[in-house]
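Below: one structure, written as structure tokens.
Right, dumping it as structure tokens:
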């Protein structure tokens, strides 16, 4: 085998090893877990010296977690909040991706939607929650699901729109030069190019959807995790108040990690050292 041939084959042989190294990488997990342990340790050390009406140490919150699990409050609230979150995010995903693709691909749709999207995105979504409650007559989960969808839809829509609009024009011209059909143009060029934008929008939408979920539970019906937060805050049970707050944070970590996992499967070319 010549030297040039060996040089050509070496990267291909080394690629699987580098890929496995990137996937495993125990040092990354050590840093992540270590940072959390450090924060909790400092919190536990100085927590007892702080005002108990403002902050409690992690050990007290840990004990309160099992109290809420034992009496069933946490499970009931979590199930209620998950219904609202899943319903709202599903609506935001479908509408956001469809409208984002349409407005990114066709100028007429873009011109029709852009003023409305800009106006609604500029208005604080919290200000629209009472209007949503009145529109749905504050009946059932519908107003809270609509609130989650309102909070989550705009990052998904705008990112999807930008992903479609920013497809490399040279790729589109090459595809058209080979008489590519519209369907193949979408599946082979536009969608793969827009996937990073769409998934980034989904991650932003998850964070805003969680905020919308809690805000809706504050204003409409007082149910779910938001109800636990505000009810225990009103009676100064800060240890129990922090339990649903941490649960909401854990939901965000899990859902965003799940989106990252999907990104690694559908867009492996985005992985970097």
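In this note's numbering, the protein residues as written are 1182 to 1454.
C-beta atoms are modelled at their ideal positions from N, C-alpha and C, and glycine is treated no differently.
Only a predicted model underlies this, so the values are computations on that prediction, with no experimental measurement involved.
Measure from the alpha carbon of residue i to the alpha carbon of each residue in the options, then state which is nearest.
i            : options                   : result
residue 1335 : 1234, 1273 and 1246       : 1273
residue 1337 : 1386, 1442 and 1311       : 1386
residue 1251 : 1447, 1292, 1417 and 1421 : 1421
residue 1213 : 1434, 1328, 1442 and 1290 : 1434
residue 1392 : 1372, 1430 and 1240       : 1430
residue 1388 : 1438, 1233, 1224 and 1371 : 1438
residue 1428 : 1372, 1288, 1444 and 1255 : 1255
residue 1329 : 1378, 1264, 1292 and 1374 : 1264
residue 1432 : 1374, 1399, 1260 and 1242 : 1260
residue 1150 : 1242, 1289 and 1370       : Because the chain is modelled from 1182 through 1454, residue 1150 falls outside the range shown and cannot be assessed.
residue 1372 : 1289, 1279 and 1209       : 1279
So, using beta-carbon positions, are residue i and residue j closer together than 8 Å?
i            : j            : result
residue 1286 : residue 1383 : no
residue 1322 : residue 1268 : yes
residue 1249 : residue 1404 : no
residue 1307 : residue 1339 : no
residue 1301 : residue 1390 : no
residue 1394 : residue 1266 : yes
residue 1303 : residue 1294 : no
residue 1448 : residue 1376 : yes
residue 1419 : residue 1236 : yes
residue 1436 : residue 1262 : no
residue 1411 : residue 1426 : no
residue 1317 : residue 1333 : no
Assuming residue i and residue j form a contact by the criterion Cβ under 8 Å, report the distance between their Cβ atoms to the nearest whole angstrom.
i            : j            : result
residue 1238 : residue 1222 : Between residue 1222 and residue 1238 the Cβ distance is about 10 Å, and since that is not below 8 Å, they are no contact.
residue 1244 : residue 1324 : That belief does not hold up - the Cβ atoms of residue 1244 and residue 1324 are roughly 35 Å apart, past 8 Å.
residue 1380 : residue 1440 : 6 Å
residue 1342 : residue 1281 : 4 Å
residue 1401 : residue 1314 : 5 Å
residue 1331 : residue 1309 : 6 Å
Classify residue i as buried or exposed, calling it buried when 16 or more other Cβ atoms lie within 10 Å of its own Cβ.
i            : result
residue 1311 : exposed
residue 1217 : exposed
residue 1359 : exposed
residue 1368 : exposed
residue 1220 : exposed
residue 1416 : exposed
residue 1362 : exposed
residue 1247 : exposed
residue 1320 : exposed
residue 1443 : exposed
residue 1445 : exposed
Is residue i near the ligand COA, judged by its Cβ being under 7 Å from some heavy atom?
i            : result
residue 1210 : Within the structure as shown, the ligand COA is missing, as the structure has no ligands at all.
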